[in-house]
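First to last, the sequence lines map onto chains A and B.
Note that the first sequence covers residues 97 to 466 in our numbering.
Note that the second sequence covers residues 97 to 466 in our numbering.
Even for Gly, the Cβ is constructed at its ideal location relative to N, Cα and C.
Protein chains: 2
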Amino acid sequence: MKRSIFGERLAALRLRLEKTSSDTIWVIQPENRRYLSGFSAGDTQFTESSGSLIINKRCAYLITDSRYSTAAVREAPDFKVITMKGHFVDELAGLVGRIRTKRLGFEQGYLTYELHKQIAGRLRNLKRPVRLSPVKGLVQEMRTIKDRAETAVMGKAAALMSSILDNVISGLKPGCTEKGIAREIEVRVHESGADGLAFTPIVASGPNSALPHAEPTNRRIREKEPVILDVGLRMKGYCCDMTRTVFLGTPGPKFRKIYRTVREAQLAALQHISDGIDSSYSDSIARKIIRDAGFGEYFGHSLGHGVGLAVHEDPALSPRRARRLEKGMVVTVEPGIYLPGKGGVRLEEMVVVCEKLPKILTKNNHYYDF
Amino acid sequence: MKRSIFGERLAALRLRLEKTSSDTIWVIQPENRRYLSGFSAGDTQFTESSGSLIINKRCAYLITDSRYSTAAVREAPDFKVITMKGHFVDELAGLVGRIRTKRLGFEQGYLTYELHKQIAGRLRNLKRPVRLSPVKGLVQEMRTIKDRAETAVMGKAAALMSSILDNVISGLKPGCTEKGIAREIEVRVHESGADGLAFTPIVASGPNSALPHAEPTNRRIREKEPVILDVGLRMKGYCCDMTRTVFLGTPGPKFRKIYRTVREAQLAALQHISDGIDSSYSDSIARKIIRDAGFGEYFGHSLGHGVGLAVHEDPALSPRRARRLEKGMVVTVEPGIYLPGKGGVRLEEMVVVCEKLPKILTKNNHYYDF
Chain A
97 MKRSIFGERL AALRLRLEKT SSDTIWVIQP ENRRYLSGFS AGDTQFTESS
147 GSLIINKRCA YLITDSRYST AAVREAPDFK VITMKGHFVD ELAGLVGRIR
197 TKRLGFEQGY LTYELHKQIA GRLRNLKRPV RLSPVKGLVQ EMRTIKDRAE
247 TAVMGKAAAL MSSILDNVIS GLKPGCTEKG IAREIEVRVH ESGADGLAFT
297 PIVASGPNSA LPHAEPTNRR IREKEPVILD VGLRMKGYCC DMTRTVFLGT
347 PGPKFRKIYR TVREAQLAAL QHISDGIDSS YSDSIARKII RDAGFGEYFG
397 HSLGHGVGLA VHEDPALSPR RARRLEKGMV VTVEPGIYLP GKGGVRLEEM
447 VVVCEKLPKI LTKNNHYYDF
Chain B
97 MKRSIFGERL AALRLRLEKT SSDTIWVIQP ENRRYLSGFS AGDTQFTESS
147 GSLIINKRCA YLITDSRYST AAVREAPDFK VITMKGHFVD ELAGLVGRIR
197 TKRLGFEQGY LTYELHKQIA GRLRNLKRPV RLSPVKGLVQ EMRTIKDRAE
247 TAVMGKAAAL MSSILDNVIS GLKPGCTEKG IAREIEVRVH ESGADGLAFT
297 PIVASGPNSA LPHAEPTNRR IREKEPVILD VGLRMKGYCC DMTRTVFLGT
347 PGPKFRKIYR TVREAQLAAL QHISDGIDSS YSDSIARKII RDAGFGEYFG
397 HSLGHGVGLA VHEDPALSPR RARRLEKGMV VTVEPGIYLP GKGGVRLEEM
447 VVVCEKLPKI LTKNNHYYDF
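What follows is the structure in structure tokens.
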């Protein structure tokens with residue numbers, strides 16, 4: 097992506113910041129950090145940060161430590177990189193003091209209680225005290241709408257994932273274990289040159305396919321039963337997420353009906369995803385079709401979710417959280433029917449919201465005409 | 097691992113809980129949750145939890161949702177599994193009300209500001225109000241000392257990682273790229289049947305090896321320059337972490353001296369890791385050797401860290417955080433010397449603290465006698 101994208105994002109963030117009560121924002125969530133700066137390092141674990149951003153009207157800093165500073169300087173030319181020498185709380189306090197912050201916004205959904213307490217105490221005791229102010233979804237909201245470069249990367253990620261899944265599906269035979277299939281997906285994703293997995297693959301066969309988030313087991317897949325493959329990879333930080341349900345040999349009438357219903361619900365929902373439409377509307381369309389077919393109680397989750405630098409992000413396609421869809425949002429469309437103890441079917445595409453019909457990024461194959 | 101281990105851990109936690117001001121503890125950190133219950137699901141991302149534990153003198157609950165409840169029941173027989181139907185804050189409030197909690201301890205280093213605020217408000221408004229009380233390191237402290245089953249799993253993880261690294265190192269040739277080598281490690285880890293990577297492999301050659309946390313690049317490795325390989329995998333949740341520095345062809349006198357110094361520092365440090373010794377002592381031993389050789393300013397990080405269900409956990413082998421080492425702790429011993437712009441050497445073993453000398457879990461090979 098071009099360097100100027102980050103300059104544009106900074107400008108947009110500054111406009112949004114004016115509408116909050118904070119004069120400066122402290123960004124710690126890794127996806128937000130990457131989105132604004134280009135700094136690509138992840139956090140090794142939640143309790144360890146590879147860096148954070150301090151942004152106000154005049155300046156933009158990336159605070160990191162010596163392990164990451166070379167990469168930070170290279171990747172984030174729009175930011176002044178500060179390499180910490182001492183304790184983070186002291187460095188932060190020193191910086192916000194120097195730039196004359198009065199009220200520092202922080203990401204309330206990501207900062208821990210403990211770090212908040214430490215920092216609040218430290219900032220209160222500065223010569224010119226700084227107040228901490230919780231901020232919600234400021235950068236996440238910007239991330240919901242993808243620009244062309246982002247949808248292009250996500251399109252490539254989806255094409256790559258689709259072709260890996262193609263190869264895996266064409267090699268499926270009765271007797272393969274769920275774990276073995278998952279391992280093959282993992283190996284192929286790493287061989288492909290993607291950044292890596294977006295999440296651990298779900299491979300769930302027979303009765304296990306009735307569990308929407310089943311861990312792969314040693315169960316061997318059999319003929320005529322559903323095998324759900326829910327897979328994703330990451331490319332330049334961006335995720336792809338897709339699901340197919342495969343049968344080795346035509347299943348009985350029950351699962352043919354379930355499959356037809358899920359596919360019909362998905363196709364109908366796709367007709368109602370476009371700029372300006374309420375996000376819960378497509379969910380209600382899919383849900384009605386599934387309910388009318390007699391499976392209403394077996395579709396427990398939402399129709400879909402936003403995807404981007406995080407696998408799950410806003411907007412949700414859910415009965416509970418309605419909002420207006422906008423051009424450039426990327427969402428999954430993934431209805432499912434799960435019969436406890438028997439099995440389930442889920443079908444998932446990743447699409448870009450457009451003026452009219454959505455653009456499907458995942459490769460539209462491995463569907464049955466039962 | 098046997099089922100009774102979790103029962104024992106629960107009993108030990110209850111004893112520790114008596115010494116806090118809370119009558120009940122709410123455990124949300126995934127590694128702590130797994131350690132106490134056996135429930136192995138990870139969190140898809142930090143902002144999404146697959147479950148949490150509520151434990152007091154009399155009862156032990158695992159709160160999860162329908163995606164995970166089947167696995168939870170199977171994996172955590174010592175816990176009563178509650179499958180959430182509504183909003184988490186309501187479910188939590190209902191449960192702590194029913195079990196007559198007065199003061200609910202929470203993990204202050206993991207709970208977000210936002211969720212804390214929501215829950216505190218909700219619990220305050222109960223008919224019998226419940227107070228939230230921050231707790232620090234209660235379960236992490238238990239996790240520092242590994243039992244036999246844990247060190248056995250970690251020994252297996254280390255043997256597997258060592259043998260994968262063996263194969264990768266024996267295939268190294270001038271012209272291989274860092275990224276290509278990293279990809280091969282990833283593929284072999286996934287093929288091996290391990291749970292997966294413990295972290296993204298570090299492969300850093302030539303000047304890049306001077307950056308302790310370098311991301312693999314397209315740089316091609318050359319003869320006589322250092323190539324740092326810092327790799328880890330996970331098995332049954334437990335991590336292995338190890339580092340070798342490889343040269344294709346004997347390097348010049350400067351890097352031979354650096355290598356000898358790092359190895360000498362490591363071997364000396366290993367002599368001073370045992371039950372009852374201060375954790376910072378081995379760091380000071382290694383640091384003195386490196387300083388005396390004239391490289392004091394080029395060893396910027398700590399000597400090592402604890403490893404277990406998390407890659408980085410307590411205890412640290414660091415000049416700053418001294419504590420008594422105890423039998424059964426698992427730590428890394430990883431001195432390094434990094435010359436900016438030129439290159440670096442790091443050597444890392446993972447060891448179990450014993451009565452006398454530590455037991456080295458990683459396979460002791462690929463060392464040079466320069």
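(message) Does residue 119/A pass the burial test, meaning 16 or more other C-beta atoms within 10 Å, or should it be called exposed?
(response) Sixteen is the threshold: when 16 or more other Cβ atoms of the shown chains lie within 10 Å of the Cβ of residue 119/A, as they do, the residue is buried.
(message) Once DSSP output is grouped into helix, strand and coil, what is the label at residue 431/A?
(response) DSSP places residue 431/A in the coil class of the three-state scheme, outside both helix and strand.
(request) Mind listing, in chain order, the continuous alpha helix (DSSP H) runs of no fewer than 4 residues lying wholly within the region 361-429 of chain B? (result) Here the runs fully enclosed are 375-388.
(message) Less than 8 Å between the C-beta atoms of residue 239/B and residue 413/B, yes or no?
(response) Against a cut-off of 8 Å, the Cβ pair of residue 413/B and residue 239/B comes out as no contact.
(message) Given a cut-off of 8 Å on the beta-carbon distance, is the pair residue 447/B and residue 247/B in contact?
(response) No, they are not a contact pair.
(message) If we require 3 or more residues per run, which beta strand (DSSP E) segments fall completely within the region 276-346 of chain B?
(response) Scanning the region 276-346 of chain B from its first residue to its last, the whole beta strand (DSSP E) runs of 3-plus residues come out as 298-301, 322-327, 329-331, 338-343.
(request) For residue 200/B, name the three-state secondary structure that DSSP assigns. (result) For residue 200/B, the secondary structure class from DSSP, reduced to helix, strand or coil, is strand.
(message) So if I threshold CB-CB distances at 7 Å, which residues from the region 205-229 of chain B count as touching chain A?
(response) From the region 205-229 of chain B, only 205, 206, 207, 208, 209, 210, 212 have a Cβ closer than 7 Å to chain A.
(message) Is it the case that the region 212-231 of chain A contacts the region 260-277 of chain A, given that we only count it when at least three CB pairs across the two stretches are under 8 Å?
(response) Three or more beta-carbon pairs separated by less than 8 Å are not found between the region 260-277 of chain A and the region 212-231 of chain A, which leaves the two stretches without contact.
(request) Using DSSP bridges, identify the partner residues of residue 177/B. (result) Residue pairing from DSSP places residue 177/B in a beta bridge opposite 158/B.
(request) Find the residues of chain B that neighbour residue 308/A, judging by a C-beta separation of less than 7 Å, and give them in chain order. (result) Chain B residues near residue 308/A: 163.
(message) So for residue 445/A, helix, strand or coil by DSSP?
(response) Of the three classes helix, strand and coil, the one that applies to residue 445/A here is strand, per DSSP.
(request) Determine the direct distance from the alpha carbon of residue 401/A to that of residue 461/B, and round the result to whole angstroms. (result) Straight-line Cα distance between these residues: approximately 48 Å.
(message) For residue 274/A and residue 316/A, I'd like the C-alpha separation in whole angstroms.
(response) Cα to Cα, residue 274/A sits roughly 6 Å from residue 316/A.
(request) Note down the Cα distance separating residue 132/A from residue 141/A, rounded to an integer number of angstroms. (result) A direct Cα-to-Cα measurement between residue 132/A and residue 141/A gives close to 21 Å.
(request) Can you tell me which of 202/B, 167/B, 301/B puts its alpha carbon nearest to the alpha carbon of residue 436/B? (result) Of the candidates 202/B, 167/B, 301/B, the one whose C-alpha sits nearest the C-alpha of residue 436/B is 301/B.
(request) Output, in sequence order along the chain, the residues in the region 138-172 of chain A whose CB is closer than 7 Å to any CB in chain B. (result) Listed by position, the residues of the region 138-172 of chain A near chain B (Cβ gap below 7 Å) are 140, 141, 142, 143, 144, 162, 163, 164, 166, 167.
(request) For residue 406/A, return the contacting residues in chain B, with the cut-off set at a CB-CB distance below 7 Å. (result) Under the 7 Å cutoff, chain B gives 141.
(request) Report yes if the C-beta distance between residue 457/B and residue 359/B is below 8 Å; otherwise report no. (result) No, the pair does not count as a contact, with Cβ atoms beyond the cut-off.
(message) I want to verify the contact list: residues of chain B whose CB lies under 9 Å from the CB of residue 315/A, in sequence order.
(response) Taking the beta carbon of residue 315/A as reference, no residue of chain B falls within 9 Å; the closest one sits roughly 13 Å away.
(message) Distance cutoff 8 Å, beta carbons only. Does residue 233/A sit that close to anything in chain B?
(response) Not closer than 8 Å to any Cβ of chain B, the Cβ of residue 233/A fails to qualify, so no.
(request) Assign residue 346/A to buried or exposed, taking buried as 16 or more other Cβ atoms, counted over all protein chains shown, within 10 Å of its Cβ. (result) Per the 10 Å Cβ criterion, exposed.
(request) Go ahead and pull the three-state DSSP assignment for residue 224/A. (result) Residue 224/A: coil per DSSP, three-state reduction.
(message) Against residue 286/B, what residues of chain A qualify as contacts under a CB-to-CB distance less than 7 Å, listed in chain order?
(response) Within chain A, the residues whose beta carbon sits less than 7 Å from that of residue 286/B are 279, 282, 283, 286, listed in sequence order.
(message) Please classify residue 350/A as buried or exposed, where buried requires at least 16 neighbouring CB atoms within 10 angstroms.
(response) By the neighbour-count rule (16 or more Cβ atoms within 10 Å), residue 350/A is not buried but exposed.
(message) Please state the DSSP three-state secondary structure of residue 150/A.
(response) It is a strand residue.
(message) With three or more C-beta pairs closer than 8 Å as the rule, is the region 103-110 of chain B touching the region 205-218 of chain B?
(response) The answer is no - the region 103-110 of chain B does not touch the region 205-218 of chain B, with fewer than three Cβ pairs under 8 Å.
(request) Using a threshold of 8 Å, state whether the C-beta atoms of residue 441/A and residue 341/A are closer than that. (result) Residue 341/A is positioned such that its CB atom lies closer than 8 Å to that of residue 441/A.
(request) Label residue 114/B either buried or exposed according to how many other C-beta atoms from any shown protein chain fall within 10 Å of its C-beta, with 16 as the threshold for buried. (result) Within a 10 Å sphere around the beta-carbon of residue 114/B sit fewer than 16 other beta-carbons, which makes this residue exposed.
(request) Closer than 7 Å by C-beta to residue 309/A: which residues in its own chain qualify, once you throw out the five before and the five after it? Chain order, please. (result) 298, listed in sequence order.
(request) Name the residue from 161/B, 266/B, 236/B, 283/B whose alpha carbon lies nearest to the alpha carbon of residue 95/B. (result) Since the displayed chain B opens at 97 and closes at 466, residue 95/B lies outside it and no answer follows.
(request) Quick one: grab the DSSP three-state call for residue 104/B. (result) In the structure shown, residue 104/B sits in a helix (DSSP, three-state: H, G or I).
(request) With DSSP as the reference, label residue 213/B as helix, strand or coil. (result) Per DSSP, reduced to three states, the secondary structure at residue 213/B is helical.
(message) Rounded to whole angstroms, what is the Cα-Cα separation between residue 388/B and residue 453/B?
(response) Each residue's alpha carbon lies about 25 Å from the other.
(request) Can you give me, in chain order, the residues of the region 383-405 of chain A that have a beta carbon less than 9 Å from any beta carbon in chain B? (result) For the region 383-405 of chain A, the set of positions with a beta-carbon nearer than 9 Å to some beta-carbon of chain B reads 396, 397 in chain order.
(message) Let me make sure I understand the geometry here. Which of 174/B, 277/B, 357/B has the alpha-carbon closest to that of residue 323/B?
(response) Ranked by Cα distance from residue 323/B, the first of 174/B, 277/B, 357/B is 277/B.
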